[in-house]
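Chains as they are written, first to last, in the working numbering: chain U, 170 to 592; chain H, 170 to 592; chain X, 170 to 592; chain W, 170 to 592.
Glycine included, each C-beta is placed from N, C-alpha and C at the ideal position.
This one's a predicted model, so the numbers in the text were calculated from it and none came from an experiment.
Worksheet for the structure shown next.
Protein chains: 4
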Amino acid sequence: MSKQQLSRNNKITHLIAEYLRIRARSTALCERLEVEDYTVQPIADVSPPKWHLGHTTWFFEEVILVKHMVDYSRYHQGYRTLFNSYYKSAGAHWLQSQRGELSRPTVSEIMSYRNYVDKQLVNFLSTAEVDSAILSLLEIGLHHEQQHQELLLMDIKYILGCNPLSPTYFESSLDNTHIETAPWRSFDEGMYEIGATDSSFAYDNEKPKHKSYNYAFAMSEQLVTNGEYLDFIQDGGYDRAELWLSLGWDWSNDNKIGHPLYWQKIDNEWYEFTLHGLMPLALNLPVTHISYFEADAFANWKGKRLPTEQELEVYLSASSDLERISNIKTQSAKSADIFHPTSSDMPFGQVWCWSKSHYSGYPGYKPYQGMLNEYNGKFMCNQFVLRGGCVATPSDHYRHSYRNFFAPHQRWMFSGIRLAKDI
Amino acid sequence: MSKQQLSRNNKITHLIAEYLRIRARSTALCERLEVEDYTVQPIADVSPPKWHLGHTTWFFEEVILVKHMVDYSRYHQGYRTLFNSYYKSAGAHWLQSQRGELSRPTVSEIMSYRNYVDKQLVNFLSTAEVDSAILSLLEIGLHHEQQHQELLLMDIKYILGCNPLSPTYFESSLDNTHIETAPWRSFDEGMYEIGATDSSFAYDNEKPKHKSYNYAFAMSEQLVTNGEYLDFIQDGGYDRAELWLSLGWDWSNDNKIGHPLYWQKIDNEWYEFTLHGLMPLALNLPVTHISYFEADAFANWKGKRLPTEQELEVYLSASSDLERISNIKTQSAKSADIFHPTSSDMPFGQVWCWSKSHYSGYPGYKPYQGMLNEYNGKFMCNQFVLRGGCVATPSDHYRHSYRNFFAPHQRWMFSGIRLAKDI
Amino acid sequence: MSKQQLSRNNKITHLIAEYLRIRARSTALCERLEVEDYTVQPIADVSPPKWHLGHTTWFFEEVILVKHMVDYSRYHQGYRTLFNSYYKSAGAHWLQSQRGELSRPTVSEIMSYRNYVDKQLVNFLSTAEVDSAILSLLEIGLHHEQQHQELLLMDIKYILGCNPLSPTYFESSLDNTHIETAPWRSFDEGMYEIGATDSSFAYDNEKPKHKSYNYAFAMSEQLVTNGEYLDFIQDGGYDRAELWLSLGWDWSNDNKIGHPLYWQKIDNEWYEFTLHGLMPLALNLPVTHISYFEADAFANWKGKRLPTEQELEVYLSASSDLERISNIKTQSAKSADIFHPTSSDMPFGQVWCWSKSHYSGYPGYKPYQGMLNEYNGKFMCNQFVLRGGCVATPSDHYRHSYRNFFAPHQRWMFSGIRLAKDI
Amino acid sequence: MSKQQLSRNNKITHLIAEYLRIRARSTALCERLEVEDYTVQPIADVSPPKWHLGHTTWFFEEVILVKHMVDYSRYHQGYRTLFNSYYKSAGAHWLQSQRGELSRPTVSEIMSYRNYVDKQLVNFLSTAEVDSAILSLLEIGLHHEQQHQELLLMDIKYILGCNPLSPTYFESSLDNTHIETAPWRSFDEGMYEIGATDSSFAYDNEKPKHKSYNYAFAMSEQLVTNGEYLDFIQDGGYDRAELWLSLGWDWSNDNKIGHPLYWQKIDNEWYEFTLHGLMPLALNLPVTHISYFEADAFANWKGKRLPTEQELEVYLSASSDLERISNIKTQSAKSADIFHPTSSDMPFGQVWCWSKSHYSGYPGYKPYQGMLNEYNGKFMCNQFVLRGGCVATPSDHYRHSYRNFFAPHQRWMFSGIRLAKDI
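Below, the structure written as structure tokens:
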């Protein structure tokens with residue numbers, strides 16, 4: 170066996186292990202659910218957890234097995250349509266807003282589907298001639314599955330949180346780590362490099378690495394806290410049109426929005442629903458589950474502004490000094506099983522920070538070819554970029570160049586605010 | 170023990186037995202479901218089966234136990250709202266259209282709720298001084314539960330039928346019984362008595378018995394069949410505005426309606442989804458799952474008309490001659506486990522027949538008092554009456570005076586057509 | 170010239186005069202409008218006045234001239250579609266809800282259209298062989314035009330009334346005639362004749378005359394007044410679910426209804442917008458512009474009920490004793506130019522009274538043939554009958570057998586309440 | 170009189186002349202309308218022309234007279250609300266979507282309102298101490314009025330164009346000027362200056378002038394023509410999901426979009442509705458009235474891309490060489506009365522070119538203070554920037570730094586496509 174073959178075999182062995190580890194985490198995240206929790210779709214944005222388990226499986230089947238494995242036969246013809254999210258080039262797809270109408274396939278049938286595809290894929294990787302293009306698709310598939318792990322947590326939280334019985338995902342107390350930091354960190358005017366290189370995995374939308382000229386700015390070292398946000402509310406923030414974008418004002422009035430998604434006022438006290446139960450509002454934890462509209466209104470009220478995505482990337486990259494990282498690692502080891510932000514001082518990994526940047530292709534952007542052409546580019550309209558990862562983001566899935574994106578009214582993700590200002 | 174006491178005790182013993190029998194049938198109807206099937210709500214009209222199981226329990230709790238049992242304590246405070254369907258006088262109620270958003274309480278928790286209330290109610294009936302007003306509420310509660318048994322079958326059918334995988338409730342072949350009958354049965358002009366007396370159970374909306382002057386008419390002895398309805402389709406019935414009510418024309422165009430709810434065309438052949446599987450369309454079985462709009466358009470196409478509800482009641486009452494009844498009994502013994510019409514010749518018990526009568530109070534109508542005031546009267550607007558029962562109606566729940574009612578666009582119930590004509 | 174010919178010629182001469190008189194009234198009703206008032210459509214139900222002027226003209230063109238006049242050429246090909254209201258058999262029609270989108274044809278062009286058709290029609294009647302079928306269509310056309318005269322007043326009122334500047338149609342003071350009457354008039358149980366004969370003009374939906382068995386009832390001799398309705402409001406009528414139909418409760422909550430359509434509260438005083446200006450609410454005038462939902466809730470609050478349409482027809486027919494008629498005539502001479510009810514004591518001609526009867530075909534109902542088949546029958550769904558005429562109804566258009574009909578939420582017509590009760 | 174006073178007086182005299190000239194043009198643009206054309210609002214985006222005439226007047230009244238003129242009394246209290254477009258800080262405003270519901274005030278009343286305000290304003294300018302802050306507001310007011318002149322033409326076109334009678338604004342033949350140009354113009358990578366300085370009038374959103382680093386690109390010297398766009402349609406452009414943004418695909422399917430807004434196919438020939446009548450589609454004129462979604466799909470089909478707004482500004486500024494300007498001037502002299510693009514070769518002034526840039530504040534952006542704070546900033550969400558002006562833009566209102574913006578589905582403005590590519 171040549172060295173090259175050996176190295177290749179090692180790489181494949183490693184990828185299989187990664188595949189099994191990541192796939193197992195998806196089902197593990199659901200272990201605390203009742204069958205009924207897997208099934209419902211309270212709003213169009215929130216998919217039934219069982220759908221996520223099916224769709225991520227479909228992704229590997231459709232992108233790798235069907236196209237590249239000789240004599241592969243699909244687990245079920247009907248799943249081709251049912252678990253296609255939106256890929257027009259992969260044929261018809263079931264409407265997103267109607268995922269919760271389907272009681273079948275059952276959770277148990279979907280688990281069988283997962284097992285079938287896992288077995289086939291491992292078999293395929295172990296035995297077939299797998300070229301680098303396929304390995305690249307596999308890598309994307311794994312990152313895709315991790316994206317859905319975050320979505321699973323978001324959707325589970327919504328499903329439990331909209332229930333008047335306020336069921337708990339699992340009980341746990343929330344520690345609150347506070348590290349004293351300087352309030353603002355300054356950055357000079359000048360040319361910066363933005364985006365990812367090809368040296369390690371990144372999505373097409375993070376490339377190419379390119380120059381961006383930024384004016385001098387300062388970034389807050391602290392995430393906006395529940396306490397600060399409560400001040401905004403108590404100062405009439407939701408009633409002062411001058412603070413709001415025009416669309417945001419209409420949105421908050423039409424939907425009678427007066428506080429972050431999971432806040433509840435009970436007997437005149439504020440509580441926050443978390444995956445770990447309904448808890449008294451912790452004033453020094455980061456505010457989360459807010460829309461772009463709310464983030465922007467808050468920034469206006471504060472006399473500051475939201476950062477651009479370039480500024481956030483510059484800030485995040487600069488934040489990765491060793492001492493901080495070691496703090497964060499300690500933190501994240503601990504938070505492995507906590508799905509709620511516990512610190513307003515950390516530069517990343519707590520809440521996705523809204524940027525004021527519209528989600529658009531970088532200069533020279535080249536979308537994936539084939540079916541995955543639809544992965545990112547077609548959503549570059551009416552969405553804003555968020556940066557920095559959150560407690561629900563798998564830590565080995567996160568990168569500083571990562572561009573998350575949502576419509577300005579959405580807030581069921583773990584979104585938050587980091588303020589910037591001109592200097 | 171006096172004779173009166175003895176008779177009273179016997180009556181209570183009998184009612185307890187009835188209660189347990191009827192309650193058990195509700196859960197028995199669900200035994201063939203997967204947990205996921207209990208949970209979803211594909212359209213607002215169709216409630217999750219688990220909601221029906223909770224709501225019928227709530228009804229006994231709210232109407233009897235909470236009001237009449239000393240020291241009764243509710244199973245769960247939250248259920249008061251969650252399982253209230255629409256009774257404003259019973260406090261807040263969860264929105265009908267959002268029943269499918271709730272994964273909790275689980276099926277298993279609802280079964281515990283049923284057990285708790287059953288135990289309490291049996292205990293209450295066995296030991297407390299139960300007056301006739303309470304027994305009357307109990308009787309209504311049992312009929313209410315039986316109404317929901319029909320709704321359960323309708324909703325289960327919709328949940329399975331809207332699923333592209335076409336799951337089967339349970340497999341069974343459908344016999345087709347055909348009895349030769351005269352095509353039309355005539356009735357003279359004159360005064361008829363319509364409605365129910367107090368001699369046995371009937372809802373408030375079936376009373377009082379009253380005089381109604383009817384002109385001479387003839388009623389078809391045959392239900393309209395799938396074959397006849399197919400002729401209507403093939404003759405362009407859905408494309409000819411002159412056959413349709415104005416609202417019906419808009420409805421069929423806006424919703425792209427071109428056939429009964431559960432018909433499917435596969436490879437140019439017609440199939441019908443039933444609770445017993447997807448089957449080739451049986452041309453001589455009664456057409457079912459059609460709206461008032463379709464029934465009315467069909468009647469116009471045929472040059473006939475829909476009957477009034479008075480005409481249907483006159484016809485149904487006249488149909489109960491002994492020989493026919495014995496046929497029907499044989500039939501219904503057999504059909505105990507078949508939830509699809511098997512004969513177009515039977516006068517009742519196959520499909521609910523649309524009448525052209527708007528649902529309204531009879532002359533001298535007195536609604537129930539108290540919370541049950543909301544049982545019938547408040548729905549007397551924009552609905553049409555259907556008569557004759559269907560295969561999903563519990564046979565001991567059915568009466569010729571029974572007035573079912575639905576909005577003219579609805580068709581997920583087992584509705585069909587019996588034509589009438591002036592003579 | 171034979172006698173028959175003479176009589177025929179006289180009849181035609183008379184019809185031409187009637188035609189010109191009635192046509193002139195339509196434009197006369199609009200003389201007080203600004204061009205802008207002719208053009209807008211604030212809600213789908215309310216058509217621009219210029220559309221009414223065009224449509225009534227189209228009716229004569231389409232039903233008579235195009236079909237029966239040799240060599241007739243349409244005034245404008247485009248009007249065939251633009252002024253067709255809903256007759257599917259007459260080809261395409263412009264959507265009702267989009268009539269207000271069209272600035273053209275202008276008012277002045279529509280006036281030319283009217284002149285053209287009038288000239289052609291008079292010429293046709295004067296010179297052609299006009300058979301009785303055509304004369305019958307002409308008669309329908311004239312009644313159709315008179316129906317639209319009432320609609321014009323309703324629509325003009327809405328257009329002015331929804332304007333925050335509250336423009337006045339024309340100024341006039343409203344007298345208030347009060348005749349003392351017995352409060353209730355009783356009718357015996359028994360068989361009554363309902364409907365119109367062929368002896369004089371009536372629409373198809375008023376026929377055939379037929380027997381109807383009514384139970385004993387009493388009808389209020391007084392229309393419900395603004396004062397009584399205000400009591401209902403002040404007693405929390407709009408907030409008490411138990412008084413309302415289920416659909417009505419949803420309607421009033423969804424639309425935040427808390428008073429009749431044209432009432433306004435200014436500086437804590439009630440006013441009513443009328444065609445003669447905004448006036449302080451006159452407590453002893455009949456309440457008007459209320460929906461079926463409101464009328465039904467009011468009746469429930471009062472412990473009475475709405476009458477059936479048969480009861481109203483019996484009452485109206487019985488009310489035509491000579492003395493009363495002479496009163497009414499005096500009244501109506503005076504009210505020729507007043508388009509607001511001025512008396513709660515008159516049996517008819519003030520406000521259309523809601524009946525609890527669904528609009529449906531009478532026993533033996535035969536709709537018109539041809540295009541006019543769509544005149545009445547296709548609307549027999551989800552509407553309630555109103556009886557008795559109103560101040561906007563041309564007096565020579567009114568009959569006791571007249572069946573007006575509206576959906577239960579509509580209230581821009583001059584609708585009101587006359588209560589009934591069982592005796 | 171000091172020199173300074175003299176210069177100031179001259180400046181005021183000049184501004185008064187400008188004011189009268191610009192105000193007169195607004196009414197002149199409407200002279201060809203019928204009264205009915207001033208009044209309707211076929212879709213929410215399109216305001217009745219009379220509303221524009223009122224609103225622009227309200228702007229001067231509200232921003233200058235009410236705040237700065239001693240003893241000024243409003244023309245009509247009700248107009249304060251009726252003609253407020255969306256300024257929350259100026260109190261309540263009539264809903265945009267309901268402007269077409271109002272027949273009053275009439276056109277003639279609005280003309281009186283204009284005259285009143287004009288007289289007062291001229292008087293105020295001539296006699297009061299008018300400081301530079303007020304002059305600055307006046308300047309904004311004049312540009313605001315010019316913006317509405319373009320809107321007037323857009324809205325008039327829509328009102329006439331949606332009418333099935335296709336009325337003509339005024340007749341005129343469209344010349345087609347074709348100048349041979351090189352197909353692409355290249356620009357080097359490097360730092361560019363973007364935005365307006367304070368040396369002449371510009372809106373707040375065009376400032377501050379700032380550095381932007383652009384990669385090398387080439388801009389097409391030709392606007393995309395109707396002929397090229399027709400090729401896109403005939404190549405199935407509207408049916409190929411892979412060319413479309415996700416939101417765009419849904420938009421085009423939901424609204425059954427298959428061609429630019431004003432194209433019509435009659436007897437298999439393409440026509441285009443213009444303000445000068447319905448004309449056979451001119452293949453070498455610029456395509457116009459297309460949405461961002463369509464522009465983006467076209468660019469994808471062509472294998473090119475839409476430019477950024479920075480690239481467009483760089484291109485426009487570079488295009489202003491003398492020879493070209495003289496061509497353009499000749500052209501624009503001629504086109505003074507033509508409101509349809511006549512050349513695909515001109516760098517600006519033909520159709521607004523969609524950029525791929527989201528409408529956002531420039532680095533260091535400072536919005537106006539006071540009521541005009543709402544002029545631009547609050548719309549910086551879900552809109553895209555267009556550059557280059559169009560035939561409906563007053564030529565003295567246009568600047569290369571001008572940022573027009575619309576939502577990606579809108580297309581009733583004179584929008585078009587100029588392609589870019591990376592080099």
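With 16 or more other CB atoms across the displayed protein chains lying within 10 angstroms of its CB, Thr394 (chain H) is buried.
Cβ-Cβ distances below 6 Å link Trp413 (chain U) to Ala466 in the same chain, with the five nearest sequence neighbours on each side left out; the list follows chain order. Inclusion of Asn383 (chain H) and Glu362 (chain H) in the CB contact set at 8 Å is not warranted, their separation being larger than that value. Interface with chain U (8 Å Cβ-Cβ cutoff): Ser258 (chain W) is included. Gln267 (chain W) and Gln210 (chain X) have their C-alpha atoms some 10 Å from each other. With contacts defined as CB atoms closer than 8 Å, Leu222 (chain X) and Ile279 (chain X) qualify as a contacting pair. With fewer than 16 other beta carbons inside 10 angstroms of its own, His183 (chain X) counts as exposed. Listed along chain H, the residues sitting closer than 9 Å to Glu411 (chain X) by beta-carbon distance are Lys257, Ser258, Asn542, Glu543 and Lys547.
For Val554 (chain H), the enclosing beta strand (DSSP E) begins and ends at Phe553 to Arg556. Only those residues of the segment 205 to 221 of chain X whose C-beta falls short of 7 Å from the nearest C-beta of chain W are listed: Glu205, Asp206, Thr208, Val209 and Pro211.
Assigned with DSSP and collapsed to three states, Gln316 (chain W) falls in helix.
In the structure shown, Leu447 (chain U) falls within a strand segment according to DSSP collapsed to helix, strand and coil. The Cβ atoms of Asp591 (chain U) and Phe356 (chain U) lie no closer than 8 Å to each other. Contacts between Pro532 (chain X) and chain H, judged by CB atoms closer than 7 Å, involve Tyr384 in chain order. Contact annotation, Gly364 (chain U) with Ser570 (chain U): C-beta distance approximately 6 Å; criterion of less than 8 Å satisfied.
Note on the segment 174 to 253 of chain X: there is no whole beta strand (DSSP E) run with a minimum of 3 residues. In the displayed model, Lys376 (chain U) falls within coil according to three-state DSSP, outside both helix and strand.
Near chain U, meaning a CB-to-CB distance below 7 Å, the residues of the segment 510 to 530 of chain W are Lys525, His527 and Ser529. Those residues of the segment 219 to 247 of chain X placed with their C-beta closer than 9 Å to a C-beta in chain W are Lys219, His245 and Gly247, ordered along the chain.
Within the same chain, Cβ atoms closer than 6 Å to the Cβ of Gly269 (chain X) are found at Val209, Gln210 and Pro217, the five residues on either side in sequence being excluded.
Look at Trp521 (chain X) here: in three-state DSSP terms it is strand. Taking CB atoms only, Asn332 (chain H) has a neighbour in chain U less than 8 Å away.
Nearest in C-alpha terms to Phe462 (chain W), of all of W:Leu444, W:Glu411 and W:Met388, is W:Glu411. Ranking H:Leu588, H:Thr226 and H:Ala302 by CA distance to the CA of His317 (chain H) puts H:Thr226 first. CA-to-CA, the gap between Gly446 (chain U) and Ile459 (chain U) works out to about 19 Å. As for any beta strand (DSSP E) of minimum length 3 sitting wholly inside the segment 264 to 351 of chain W, there is none. Interface residue (Cβ-Cβ distance to chain X less than 8 Å): Gly446 (chain W) is not classified as such.
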